[in-house]
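Engineer: Residues in the sequence shown are numbered from 9 upward in steps of one, following the numbering used here.
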Amino acid sequence: MGKRIAVIPGDGIGVEVTREAMRVLEAVSEVYGLALEMVTFDWGAEKYLREGVALPEGAVEMLQREYDAILAGAFGDPRVPDHRHAREILLGLRVQLDLYVNLRPVKLLDPRLTPLKGRTPEEIDFVIVRENTEGAYVDVGGVFKAGTPEEVALQEEITTRRGTERIIVAAFEYARTRGRRRVTLVDKSNVLRYGHGVWQRVFWEVARRYPEIEATHQYVDAMALLMVQDPAACDVIVTTNMFGDILSDLGAALIGGLGLAPSGNIHPGRVSLFEPVHGTAPALAGKNVANPMGAILTAAMMLDYLGEAAAARAIETAVVEAIRADEVTRDLGGSLSTEEVGRAIAARVRAHAS
Ligand code: IPM
Ligand code: MN
9 MGKRIAVIPG DGIGVEVTRE AMRVLEAVSE VYGLALEMVT FDWGAEKYLR
59 EGVALPEGAV EMLQREYDAI LAGAFGDPRV PDHRHAREIL LGLRVQLDLY
109 VNLRPVKLLD PRLTPLKGRT PEEIDFVIVR ENTEGAYVDV GGVFKAGTPE
159 EVALQEEITT RRGTERIIVA AFEYARTRGR RRVTLVDKSN VLRYGHGVWQ
209 RVFWEVARRY PEIEATHQYV DAMALLMVQD PAACDVIVTT NMFGDILSDL
259 GAALIGGLGL APSGNIHPGR VSLFEPVHGT APALAGKNVA NPMGAILTAA
309 MMLDYLGEAA AARAIETAVV EAIRADEVTR DLGGSLSTEE VGRAIAARVR
359 AHAS
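#1: From which residue to which residue does the beta strand (DSSP E) around residue 44 run?
#2: Helix, strand or coil: which one does DSSP assign to residue 225?
#3: Need the endpoints of the alpha helix (DSSP H) that residue 330 sits in, please.
#4: Can you give, in chain order, each stretch of the beta strand (DSSP E) that sits fully within the stretch 48–126 and has at least 3 residues?
#5: Grouping DSSP H, G and I as helix and E and B as strand, with all else coil, what is residue 347?
#6: If you draw a straight line from the C-alpha of residue 37 to the C-alpha of residue 201, how long is it?
#7: Is it true that the CB of residue 51 sits closer than 7 Å to the CB of residue 16?
#8: Taking 6 Å as the line, does the beta carbon of residue 50 fall inside it for any heavy atom of the ligand ATP?
#9: Determine the direct distance from the alpha carbon of residue 291 to that of residue 84, and round the result to whole angstroms.
#10: Could you tell me the distance, in whole angstroms, from the CA atom of residue 315 to the CA atom of residue 11?
#11: What number of angstroms, rounded off, separates the C-alpha of residue 213 from the C-alpha of residue 75?
#12: Provide the residue span of the alpha helix (DSSP H) that contains residue 210, from first to last.
#13: What did DSSP end up calling residue 249 once you bin it into helix, strand or coil?
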């Protein structure tokens, strides 16, 4: 039975890294007989500047109806300084497809890649479960007396019990099904007493339903410290939209940089969207130098979600081997191009099959 994948490369290096992710998907698809059917969509800055359209009319329904998953690159372009199309496409799909789980693994693939002295891959292996549809990302607010010395702005952070409960349940379910032992709630409930008070109440309530999993709590500032000082204490972290955004960049730094960090925007059981954590890196765009490994690992996450665990592991193994063999781009100290890294990983996937 084939799977239909909507591919949205987007802008900047998103285009180049997605091409390599597709190359690796094609290899793994042949080896494992997955019959993946990939259809590319040109949604991004070019189209937006040309036609004024970011997310085309009916796109959300079409994706829900016709596709099993979405693989995205990155969105953003210096020619669209207000980031309007990027917001409409990425945040629009997260909200309209109700992709409330943003899964961001932080897994060290090679001891040489971490800036933390002496840390091993066993010690840096955790996952951030970021709430992805509310919090500070709801775009609710306004300005009064804009541009005057009396200017006042309101930017609301929205917390719903339903939204909080479902992401906390997702974190505990992730822990239960993946054999993880601890779930840590990260918030700022000592200051944001109302919104994060909901997180506190719901978290301890849900935790009681999972007695086999240890439940712990950290304030977000302490968590930033802990991630650097004692990453082995981190296992499954569940947190708000904004804190998850910030901590996932810190997490990426621990494993060798944004070029290596994958993510999934998931609504369990529904069409979900997978994208590398990095952005469009305009300074690197079109130069064939960006690291495609984040996008390639993202493709592996997507296969995992689609129930193709063996194919997903094959990709991850190929990436680990490529890093070990110094088949890497310059951000990791190598000299290979984006395309050469993609080809090297695809070749490794194929070599294992024969
Ligand atoms: C991310 C990005 C996005 C976010 C931006 C591009 C809106 O930083 O996916 O982490 O803040 O969620
Ligand atoms: Mn981010």
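For each residue, glycine too, the CB sits at the ideal point set by N, CA and C.
Please read these numbers as outputs of a predicted model, since none were measured by experiment.
Structural biologist: According to the structure data:
#1: Taken as a continuous stretch (DSSP letters only), the beta strand (DSSP E) holding residue 44 covers 44–48.
#2: It is a strand residue.
#3: 317–332
#4: 77–82 and 109–115
#5: helix
#6: Cα-Cα distance, rounded: 49 Å.
#7: Yes, these two residues count as a Cβ contact at 7 Å.
#8: Looking for the ligand ATP in the displayed structure turns up nothing; the ligands present are the ligand IPM and the ligand MN.
#9: 12 Å
#10: The alpha-carbon atoms of residue 315 and residue 11 are separated by roughly 11 Å.
#11: 36 Å
#12: 203–215
#13: helix
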